[in-house]
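Remarks on the structure that follows.
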Amino acid sequence: MIQVDIEEERKEILKRYRKLLREAKPFLKPGDAKLIKKAFNVALEAHKDMR
């Protein structure tokens, strides 16, 4: 079984999330970033115990 460093995994997820927002920013309409953030937080919560 593969050992997962939870803190490193969290940092990587946040890094990729921020990159996604930076790349998408020119294409977003007002309010889109807020919806993306909400969806991201829902996904984090829903998958918090999955490895």
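Under numbering that gives the first Met the number 0, the sequence shown has 2 at position 3, and the numbering climbs by one with no breaks. Even glycine gets a Cβ: it sits at the ideal position worked out from N, Cα and C. In this text, all values refer to a predicted model and were calculated from it rather than measured experimentally.
Reducing DSSP to helix, strand and coil, say where Arg50 ends up. Three-state result, Arg50: coil.
Where does Pro25 sit, in a helix, a strand or coil, going by DSSP? helix
Terminal residues of the alpha helix (DSSP H) in which Val3 lies: Where Val3 is concerned, there is no enclosing alpha helix (DSSP H), given that its DSSP letter is neither H nor E.
Same chain, Cβ closer than 7 Å to Tyr16, neighbours up to 5 away in sequence not counted: Phe39
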